[in-house]
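Each residue of the sequence shown is one higher than the last, beginning at 1 in full-length UniProt numbering.
The C-beta atom is built at its ideal place from N, Cα and C for all residues, glycine as well.
For clarity, every value in this text was computed on a predicted model and none was experimentally measured.
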Amino acid sequence: MRFVRLPLMVIGVLALLYAAVWAPPDPVVHLVGGLTACLAVLTLLGTRHRRVAPAAAVVAGGVSIAVTALTFAGRVPGDAETMAWFFLEALALTGLVYLAVLWGRSAVATVAGVVPALATAFLLFRFDAGDEGPEQFLGPAVWLAPAAIAAGVALYLRWLAAGRRRAVLDARREQRLDLANDLHDFVAHDISEIVAQAQAGRIVFGGDRPELAKLLERIETAGVRALGSMDRTLALLRDPGEAARAPVGGVDDLEALVERFNGSGGPQAVLEIRLAKPVARETGAVVHRAVTEALTNVRRHARTAATVSIELTEVDGSLQLRVEDDGRDAPKAAFRDSSGLGLAGMAERAESLGGRFEAGPREPSGWRITMRLPLQDINEGAPL
1 MRFVRLPLMV
11 IGVLALLYAA
21 VWAPPDPVVH
31 LVGGLTACLA
41 VLTLLGTRHR
51 RVAPAAAVVA
61 GGVSIAVTAL
71 TFAGRVPGDA
81 ETMAWFFLEA
91 LALTGLVYLA
101 VLWGRSAVAT
111 VAGVVPALAT
121 AFLLFRFDAG
131 DEGPEQFLGP
141 AVWLAPAAIA
151 AGVALYLRWL
161 AAGRRRAVLD
171 ARREQRLDLA
181 NDLHDFVAHD
191 ISEIVAQAQA
201 GRIVFGGDRP
211 ELAKLLERIE
221 TAGVRALGSM
231 DRTLALLRDP
241 GEAARAPVGG
251 VDDLEALVER
261 FNGSGGPQAV
271 LEIRLAKPVA
281 RETGAVVHRA
291 VTEALTNVRR
301 HARTAATVSI
311 ELTEVDGSLQ
321 LRVEDDGRDA
331 PKAAFRDSSG
341 LGLAGMAERA
351 ESLGGRFEAG
361 PREPSGWRIT
371 MRLPLQDINE
381 GAPL
């Protein structure tokens, strides 16, 4: 703004000095020009109070139009000195158009910019140029061009500023989502492994050593508490109701996921994949996330489970995922909250793909999740 502020400040000050020293012959026209320039300078100086710009534009434009209307009947030919004040006033009004559109709110900026723009065009009606008929309106129409250009530049700068704000908000949102995904996919997974190791150690070594059993129990309790805190943190990082984003893994990564799960101790998972058709990327991402959630919940809630069965098959043209465990513990939380994480988020994701998701206890014991996705429909053109 400095390249705009400084010239108008200089012009406004020089205009006031000129009016005070040389006592112009037409004080009304000179006063309006000086007043408008002064308002422009004050507005530019008061950049900390940008709401002043629309009001200054409306006041200055309104006064200028009123003076034009009062002097319309007694128009005189413009001499060099009068035309100099005319150009000064036109320049100041154009500057106010720019500031009003740039700093005002959308509706207010439109009204505030129109008033000084019209005042700029009407300035020519103060002088008798000898034109009659429609020709007398050609000049004012031409003088609207600088005001229109100023408004266009201001609108463009507003558009750029809005784009920068959106980019910053989008970048911050992406950072939050990336952080939430990393915490969920890696940190929470590692904490779950710590809990599983503590549970296994308490079962294997805690029988003969009560002190060790208590220590491992405290580690297990702290791990479960950390997972709860993690859930609350993830809920804050994500927008309410937002579905979980697709992970990097797919169906081809399930084997590695199961191997990591089995290598951490505790229940052993068995993976069986029987698919004759290729799986779309988005379908595989949803399946991978669902298996990850199921295995995480086994560690957290099915402490007595010994085995976990994971089956991925094709049933009636649909992909069916089934994960079952044989734990005797009642699950504390089959679904997490509605922040878009956990099995509840996977249910929403499955429904968005035209599928179904179910989770509940199985007989005689344990827990089962079942997901069905329209395999053929997705491969034939569902958006990835």
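query                                                                                                  : result
Exposure of Gln320, with buried meaning 16 or more beta-carbon neighbours within 10 Å                  : buried
Nearest neighbour of Asp326, chosen from Ile310, Glu314, Thr304 [CA to CA]                             : Thr304
Arg328 (DSSP reduced to helix, strand or coil)                                                         : coil
Alpha helix (DSSP H) segment containing Val279, residue limits                                         : Element bounds for Val279: n/a, residue is neither H nor E.
Contact check, Ala200 vs Gly266, beta carbons under 8 Å                                                : yes
Spatially closest choice to Gly354 from Thr283, Val59, Ala235, Asn181, by CA coordinates               : Thr283
Candidates Ala119, Met346, Glu255, of which the one nearest Ser309 by Cα                               : Glu255
First through last residue of the alpha helix (DSSP H) which encompasses Ala150                        : 138-182
Straight-line Cα distance separating Ala53 from Phe122                                                 : 21 Å
Cβ-Cβ distance between Gly203 and Gly223 below 8 Å                                                     : Contrary to the premise, residue 203 reads as Ile rather than Gly in this sequence. Cβ distance not < 8 Å, so Ile203 and Gly223 don't count as in contact.
Residue from Pro278, Gly366, Gly62 whose Cα sits closest to the Cα of Thr307                           : Gly366
Contact between the stretch 164-183 and the stretch 284-297 (3+ Cβ pairs under 8 Å)                    : no
Cβ neighbours of Arg372 in the same chain (closer than 6 Å, five flanking residues each side left out) : Ser318, Gln320, Gly355, Arg356
Cβ-based neighbour list, Glu217, same chain, cut-off 7 Å, excluding 5 preceding and 5 following        : Arg202
DSSP-derived helix/strand/coil call for Arg274                                                         : strand
Cβ separation of Trp143 and Ala90, assumed to be a contact under 8 Å, to the nearest whole Å           : 7 Å
Ala302 - DSSP class collapsed to helix/strand/coil                                                     : coil
Extent of the continuous beta strand (DSSP E) run through Val308                                       : 307-315
Alpha helix (DSSP H) segment containing Arg225, residue limits                                         : 210-237
Same chain, Cβ closer than 7 Å to Glu311, neighbours up to 5 away in sequence not counted              : Glu272, Arg322
Buried or exposed by the 16-neighbour rule on C-beta atoms within 10 Å, applied to Val291              : buried
Residue span of the beta strand (DSSP E) that contains Gly360, given as start and end                  : 356-361
Status (buried if at least 16 other CB within 10 Å, exposed otherwise) for Leu102                      : buried
Which of helix, strand or coil DSSP assigns to Leu373                                                  : strand
Pick from Val115, Ala55, Ala196, Leu88 that is closest to Ala66, judged by C-alpha positions           : Val115
Beta-carbon gap between Ala57 and Gly113 smaller than 8 Å                                              : yes
Distance CB(Leu234)-CB(His184) smaller than 8 Å                                                        : yes
Paired residues, beta bridge with Ala269 - DSSP                                                        : Val308
Collapsed DSSP secondary structure at Arg368 in the structure displayed                                : strand
Residue from Val168, Ala109, Gly95 whose Cα sits closest to the Cα of Ala150                           : Gly95
Cβ-based neighbour list, Glu358, same chain, cut-off 6 Å, excluding 5 preceding and 5 following        : Thr370
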